[in-house]
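Asks:
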């Protein structure tokens, strides 16, 4: 007899609601969210800890995805990292998350949506993940990072996406190494000329 079976047997006697996911648990110890009292039961070499929780948490704990959300919720907003949230939920569909919308706090739902939002680097078509450490990177910070690396194709894509004037404004505010400054200055000048030439036939 395993720990989940013991937990279900106890619940049948007491009539309490359990949040018991079908996911296999570590042998010998099981924490079970319950609508009943908090207590620990030992039987047949297994330890089952019934932990009293709110109805929402008990419902969450009854499914595999729900238990994942419950673990994130328990960790708390201040202790979760974007990477941890991505690792736990990146392969979920919007519909899967929507099923639990009424059971999880608004901050957790927002955190999951932000963590799995398309990165600006990918949206713009940049060659590298300049925003790998921060999916919510500010536009001007991203522009600065790209200019710092000064790869022509990426600088050009910035100009197409944000417009040359904005990229130039960020460039003027930042301090770069002399060689980087000279290289970016030439790039922006050439890109500006290229865009003007491309636009001339359209206005002719």
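In the numbering used here, the protein residues as written are 726 to 929. We put the CB at the ideal spot given by N, CA and C, even for glycine.
Just mark residue 922 as buried or exposed, buried being the case when its beta carbon has 16 or more other beta carbons within 10 Å.
Replies: exposed
Asks: Just tell me which of 772, 784, 852 has its CA closest to the CA of residue 759.
Replies: 784
Asks: What is the rounded straight-line gap between the Cα of residue 807 and the Cα of residue 829?
Replies: 17 Å
Asks: Express the C-alpha separation of residue 914 and residue 908 in angstroms, rounding to a whole number.
Replies: 10 Å
Asks: Just curious, the beta strand (DSSP E) that residue 869 is in, first and last residue?
Replies: Run containing residue 869: none in the beta strand (DSSP E); it sits in the alpha helix (DSSP H), 864–874.
Asks: Compare the C-alpha of residue 769 against each of 737, 903, 730, 781 and name the closest.
Replies: Between residue 769 and the set 737, 903, 730, 781, the nearest pair of CA atoms involves 730.
Asks: Just curious, the beta strand (DSSP E) that residue 829 is in, first and last residue?
Replies: Counting along the chain, residue 829 falls outside any beta strand (DSSP E), and DSSP gives it neither H nor E.
Asks: Out of 910, 866, 920, 741, state which residue places its alpha-carbon closest to the alpha-carbon of residue 934.
Replies: Because the chain here runs from 726 to 929, residue 934 falls outside it and cannot be looked at.
Asks: List the whole-angstrom C-beta distance separating residue 757 from residue 774, where the pair is believed to meet the contact cut-off of C-beta under 8 Å.
Replies: Right, the Cβ-Cβ distance comes to about 7 Å (below 8 Å), so this counts as a contact.
Asks: Count the other CB atoms within 10 Å of the CB of residue 857; is the residue buried (16 or more) or exposed (fewer)?
Replies: exposed
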